[in-house]
Amino acid sequence: MAFGFNIKSKNKVLARIESDKVTKMRLKYNPYYHTFEKHRGSHVWLDGEEMVMLASNDYLGLGEHPKVLEAGRAALDQWGASTTGARLANGSRAFHTELEEELADFLGKEACHVHSAGYLSCVSSIQSFAERGDMIFVDKNVHSSLWSGIHLSGANYEKFLHNDPDSLRKEISYESDKSAKFVVVEGVYSMEGHVCRLPEIVDVCQEENCFLILDDAHGLGVVGDVGQGTPRHFGCEEEVDVVCGSFSKALSSVGGYVAGSKVVMDYMRTHSKQTIFSAALGPSSAACALASLRILKTEPEHHQRLERNRKKYLSILQNLNLNTWDSETPAIPIVIGDKDRAYRFWKALREQGVFAVLSVAPAVPPKKDLVRTSISARHTDEDLEKIADAMAYAVKKAL
Ligand SMILES: Cc1ncc(COP(=O)(O)O)c(C=O)c1O
């Protein structure tokens, strides 16, 4: 019988796992995977202590909106807990197509398909369309889900400088005209809070006949007059071939979407492994996402409050001379530029009852080690005061 102490020498995979330095560091400093005992609005409770949550992407604070809760409960009663199968084989349900039609319309697209995670949608938006021999030009700072889609597709890829259409143009100019070309960007970059320079990216794509894929996980509900997202904000809905994103941010649910023209989406349903081989989005998640979507259209006050809170929060950080990487959105990084100091800053915030996310290289570019924060419509003025005090304390203690 094998026991723990000799597994390491015999099994190479177990040996790798047991000696992994990154895991050892994570367990030593313990910045991730905390278990909160309770969560209400913009507050969480950790080891009995009430904290202001500054890490979630609940931009509009709709997670406890009565209409969202009611829709989720009613869907459970009507449809049960799960569809327990993929839609290709087990069929769609009316709540899928209802959500897809309303979302497509909201995004200015003909058709839409929803998945049980934004990650699946983003992988699918690339893997379904790109194939071996194709060329993908990708902003070097895009989300891990898009990289997964690129690697799964087997296509060649070239990175261009972050949010730099000139760099994109230069990279494309080195490429032969023969291969099918893709460009992959985010609408709002999740770590940096930058809004994509979409009109210039669109110009390059039009000139070079590139298929443009945009992940708007952090743009939906945030950018655009009532949160229709980055393409609508710039009036470029037509020119973006595929928009993908998540329900786990401003829509306060879980799941994701891919939207495009009807012909593009029919093709995706034929070729997307994430669609064909994964169980459908569940009833209550779909219902909560749809209820949030309807709230975006009918209750602009959440969007307005988000913008007010964003401005107030940004000025708190700017008054302390903190580097916010020129964020223009509610996703606001505090760039520290060094792992140890970033950790100390994160810990100091925690001591003061503010919970943020530590993000260090390689998750962020070298010398960009940061504490990622995101502000919500749900934060109160009292929360903002507590955040301001905690930031001042963290600056003194860690920088
Ligand atoms: C830019 C971006 N794309 C995709 C995803 C994946 O979305 P989900 O969390 O719904 O799987 C995320 C979530 O972290 C994200 O930030």
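Residue numbers (our numbering): 2 to 400.
The beta carbon of each residue, even a glycine, is placed where N, CA and C say it ideally should be.
Paired residues, beta bridge with residue i - DSSP
i: P334; result: R373
i: H116; result: G257
i: L360; result: According to the sequence as given, residue 360 is Ser; it is not Leu. DSSP lists L371 as partners of S360.
i: C245; result: D216, V259
i: V265; result: Answer is none; V265 lacks a bridge partner.
i: Y30; result: DSSP, once it has assigned bridges, lists no residue as partnering Y30.
i: M54; result: F356
i: L47; result: E50
i: D140; result: F161
i: F183; result: I137, F212
i: K39; result: W46
i: N324; result: V336
i: V196; result: V189
Cβ-heavy atom distance, residue i to ligand 1, below 7 Å
i: V124; result: no
i: H219; result: yes
i: A118; result: yes
i: V474; result: The structure shown has nothing for residue 474, since the chain only spans 2 to 400.
i: E329; result: no
i: S249; result: yes
i: E187; result: yes
i: H144; result: yes
i: S191; result: yes
Cut-off 7 Å between Cβ atoms - residues of its own chain near residue i, not counting five sequence neighbours on either side
i: Y394; result: A349, Q353
i: L100; result: V115, A287, A290, L291
i: W347; result: P32, A357, L359, V372
i: G5; result: Per-residue confidence for G5 stands at a pLDDT of 47, beneath the threshold of 50, marking its modelled position as unreliable; the derived number appears in the next sentence. Around G5: no qualifying Cβ.
i: A90; result: none
i: L169; result: F138, F161, V184, I202, V205
i: K263; result: E111, A112
Same chain, Cβ closer than 8 Å to residue i, neighbours up to 5 away in sequence not counted
i: P284; result: A76, L77, Q79, W80, G81, A82, S83, T84, R94, F96
i: L385; result: N310, K313, Y314, I317
i: G225; result: T231, R233, H234
Cβ shell of residue i (< 6 Å), same chain only, five flanking positions each side left out
i: E238; result: G109, P232
i: M2; result: Note that M2 has pLDDT 42, beneath the 50 cutoff, so the model's placement of it is unreliable and the number below is only indicative. Excluding residues within five positions, none has a Cβ falling inside 6 Å.
i: H303; result: L61, A378
i: N157; result: M136
i: A391; result: L350, Q353, V355
i: G42; result: R379
beta-carbon residue i near ligand 2 non-hydrogen atom, thresh 7 Å
i: D216; result: Among the ligands modelled here, namely ligand 1, ligand 2 does not occur.
Determine contact between the region 212 to 220 and the region 49 to 57, defined as no fewer than three beta-carbon pairs at a distance below 8 Å.
-> no
Contact the region 134 to 152 vs the region 180 to 198: 3+ CB pairs below 8 Å = yes
Answer yes if the region 269 to 279 comes into contact with the region 128 to 135, meaning at least three C-beta pairs across the two stretches below 8 Å, and no otherwise.
-> yes
Are three or more beta carbon pairs between the region 245 to 262 and the region 35 to 50 nearer than 8 Å?
-> no
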